[in-house]
Amino acid sequence: MNCNLKLAMAGVGLAGILALDPLSAAMKPGEYLNGQWSTVPDGSRGITFTYLKDDDNSGSLFGATFAFGPDGDDEWVTVTIDFLENQFTAGGDISAVEGGTFANPPVDASVTDIGDASVTLNSCGSATLNFDFDEALTDIADVTWDLEPLGNQVGRSQGAECPYEQEFTGCPSFATEVPGFDRACLLSGKFENQDLVLTNDTTWVFSGLVEIGGVDSTGGSENVNPSTLTIEPGTTIIGAGEAADFLYVNPGSKIFAEGTAAAPIVWTSPFDGFQEGEFPDAGDVGGVVIAGNAQCNAVAIGNRCQSEFREDLLYGRGDNPLNNESSGVIRYFQVRYAGIEFVQDREVNAFTFQGVGRGTVVDHIQAYRGADDGVEFFGGTVNVKYAVFAAGEDDGIDWDTGWAGKLQYGLVTYISAFGGDHGIEGAGNPDNFDAQPRTQPVLSNVTFIGDAADVENGSGIRFKEGTAGQVWNSGVTGFNNACLEFQDIPTYTAAGTPANPSGITAFAGTLLSSGGCPTVFKDEDAPPYPVEDFFLSAEFPGNAVVSDLMLDGFQPMPGSPSLGNGVQVFDLGSGETEEFFDTTSYSGAFDGTNDWTKGWTIDIFGTEAASIAQ
112 MNCNLKLAMA GVGLAGILAL DPLSAAMKPG EYLNGQWSTV PDGSRGITFT
162 YLKDDDNSGS LFGATFAFGP DGDDEWVTVT IDFLENQFTA GGDISAVEGG
212 TFANPPVDAS VTDIGDASVT LNSCGSATLN FDFDEALTDI ADVTWDLEPL
262 GNQVGRSQGA ECPYEQEFTG CPSFATEVPG FDRACLLSGK FENQDLVLTN
312 DTTWVFSGLV EIGGVDSTGG SENVNPSTLT IEPGTTIIGA GEAADFLYVN
362 PGSKIFAEGT AAAPIVWTSP FDGFQEGEFP DAGDVGGVVI AGNAQCNAVA
412 IGNRCQSEFR EDLLYGRGDN PLNNESSGVI RYFQVRYAGI EFVQDREVNA
462 FTFQGVGRGT VVDHIQAYRG ADDGVEFFGG TVNVKYAVFA AGEDDGIDWD
512 TGWAGKLQYG LVTYISAFGG DHGIEGAGNP DNFDAQPRTQ PVLSNVTFIG
562 DAADVENGSG IRFKEGTAGQ VWNSGVTGFN NACLEFQDIP TYTAAGTPAN
612 PSGITAFAGT LLSSGGCPTV FKDEDAPPYP VEDFFLSAEF PGNAVVSDLM
662 LDGFQPMPGS PSLGNGVQVF DLGSGETEEF FDTTSYSGAF DGTNDWTKGW
712 TIDIFGTEAA SIAQ
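In my numbering, the protein residues as written are 112 to 725.
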């Protein structure tokens, strides 16, 4: 090994390795780093980067460049830098590589560590690479390269999508700096008559209740000082970790949180991938709550309903509801480690929609490792497509107080390490089981996978408190209480009878696994008929009890009863096709080939979280 390498770095300033910042999620490493980067402004030197991401969203950045030995021959120098998910600065090793051939048999190259390196990610078009060489091994001077993608100099795209176009320059007027941390800005309190933009060059820290817009505390119907909140793709938001940190968008205000498949928006724990040795847990943060002016059936103040976790937060309308109202867009958005408890049994869910209208766009959302529900709908008519609720400690999908929206393509998974409850906890109004408008959503293509090793887990689908609801083209397995459970006489009454169903409660194209659920059906409260008879009614096509859904993970394997079992979703009252729903030929969320979760979700079965918990 020749340790007398001299890099051709004339004219570049000297620098040491930057101190690592524990709170550093202003931008994340990713595949956009892959390719050739060159020095700014002359492009006289360059390095080839390759970023490999691990299952836990950490990753390793490999770089290769060349130096000149004393004889003028090329010598390769490599850097290897490990990043946590939420680091924009990280350090690693510099190695000199010599020898090696591709002969048969091949001859390995010799690799010798000669120093330390660090990389700081500034934007899609800017990175800083620092070399700190070991004087005992080489006489190469420490040096810093300011880099940009080589494609920038030749007018070509780097390839992979990168959302981080801006460099951090400071906190905006509506936020304050977080002392001691780079690229972090704190929000707290109420924002009225404002248009806020959370840019992805910043780690946003929410302290306590962050409220967007206002509401009439007397329960009046008017909107008060409406505001908008826009969140850029790839943005990371965390809680301050000292209080019930959560977002509340008031009726009449709007959120535009439009992530992408390559750059989802992430709301998470302050201990999630920022610093070695710190580990997140369920309940580290609150969640995202959107309130609108659509219907609700538990009016308490004026014509408004009250949030169950804070009664001063109002939502919905009991008179003249705005069911077509838009509260904005939520797309490619993860909420991790949510579920702060206010009082017993009253926690903020990962996602909460309260009186939200169907004009709101919600698709590609994931709730992960929450202490409370993945999503809970309190009234409203909002629709959802593509949703994953993974490794939670409570229900996957919960509804109450008059929700009449739709959901297609959903996946609910549990792991015994964290417990869990019902796949669906469908409820009406806890104080009036026949309250109007009755809760009656329509779901299609949802896969519910419990963990049979958890002997205390709940039911795959549970209807109670007079709720109605329709479940089409779905599959249930792995729940020890039951695959399907009905509770409370008004729930049965609202459904009608097996021979004459009401049309607002129905099952079609849905499979329940007897091998996965020791008890397939469960009835409560001396019912007028068994729920089994209702599910297997001749009025409903495609329902069946099967021994095994035959899943490979969440995908149906060849020969699975799910394949070919789908039926067209239609309005049971009018007979007309439901336009919101795609037509599918399968039961469950997946067709055995296409994986719509790929790229924008994490740890769907909770195995990474379980390994951390151990």
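For every residue, glycine included, the Cβ atom is placed at its ideal position computed from N, Cα and C.
Computed from a predicted model, the values in this text were never measured in an experiment.
- For Trp148, the pairing in a beta bridge is given by DSSP as Ile158, Pro260.
- By the beta-carbon neighbour count (other beta carbons within 10 angstroms, threshold 16), Ser671 is buried.
- Non-local beta-carbon contacts of Cys407 in its own chain, meaning distances under 6 Å to residues more than five positions away in sequence, involve Cys416, Gly427, Gly466, Gly490, Thr512, Gly513 in chain order.
- Taking Leu307 as reference, the option from Gly291, Phe194, Cys282 with the minimal CA-CA separation is Cys282.
- Going by DSSP, Ala501 is part of the beta strand (DSSP E) stretching over 495–501.
- Annotation: Asn263 to Gln581 spans about 53 Å, alpha carbon to alpha carbon.
- The three-state secondary structure of Glu436, taken from DSSP, is coil.
- In chain order, Gly398, Val446, Ala449, Ala478, Gly481, Gly485 place their CB closer than 6 Å to the CB of Ala461, counting only its own chain and leaving out the 5 sequence neighbours on each side.
- Nearest to Arg156 by C-alpha distance, out of Glu196, Val254, Phe173, is Val254.
- Checking the DSSP bridge columns, you'll see Asp663 partnered with Gln666.
- As for any alpha helix (DSSP H) of minimum length 4 sitting wholly inside the stretch 555–632, the runs are 600–606, ordered along the chain.
- As computed with DSSP, Leu248 is found in no beta bridge at all.
- By the neighbour-count definition (other C-beta atoms within 10 Å, threshold 16), Arg469 is a buried residue.
- The stretch 287–371 is shown to contain whole beta strand (DSSP E) runs of 3 or more residues at 295–302, 306–309, 314–323, 339–342, 347–350, 357–360, 365–369, in chain order.
- The residue among Val553, Asn568, Gly577 with its C-alpha nearest the C-alpha of Asp542 is Gly577.
- Here Lys709 is exposed, its C-beta having fewer than 16 other C-beta atoms within 10 Å.
- Separation of Asp327 and Pro337 (C-alpha to C-alpha, rounded to the nearest whole angstrom) is 11 Å.
- For Ser722, the enclosing alpha helix (DSSP H) begins and ends at 718–724.
- Distance check between Asp693 and each of Pro669, Gly226, Leu340, Val495 places Val495 closest, using alpha-carbon atoms only.
- Within 10 angstroms of the beta-carbon of Phe213 lie fewer than 16 other beta-carbons, which makes it exposed.
- Annotated as proximal: Thr189 and Val208, with beta-carbon spacing under 7 Å.
- Going by C-alpha positions, Thr176 is about 15 Å away from Leu144.
- In this chain, the alpha helix (DSSP H) harbouring Glu643 covers 642–646.
- Boundaries of the beta strand (DSSP E) around Ser206: 200–209.
- If you draw a 10 Å sphere on the C-beta of Val360, you find 16 or more other C-beta atoms in it, and that means buried.
- In the same chain as Gly607, and ignoring 5 residues on each side of it, the C-beta atoms closer than 6 Å to its own belong to Ser613, in chain order.
- Counting other Cβ atoms within 10 Å of its Cβ, Asp250 stays below 16 and is therefore classed as exposed.
- Rounded to whole angstroms, Gly627 and Gly589 show a C-alpha spacing of 4 Å.
- In the structure shown, Ala238 falls within a strand segment according to DSSP collapsed to helix, strand and coil.
- Counting along the chain, His533 sits inside no beta strand (DSSP E), nor does DSSP assign it H or E at all.
- Annotated as proximal: Ser696 and Gly677, with beta-carbon spacing under 7 Å.
- In the DSSP assignment, Trp514 forms no beta bridge with any residue.
- The alpha-carbon separation between Asp682 and Phe444 amounts to approximately 30 Å.
- Note on geometry: alpha-carbon atoms of Val459 and Gly429 lie some 23 Å from one another.
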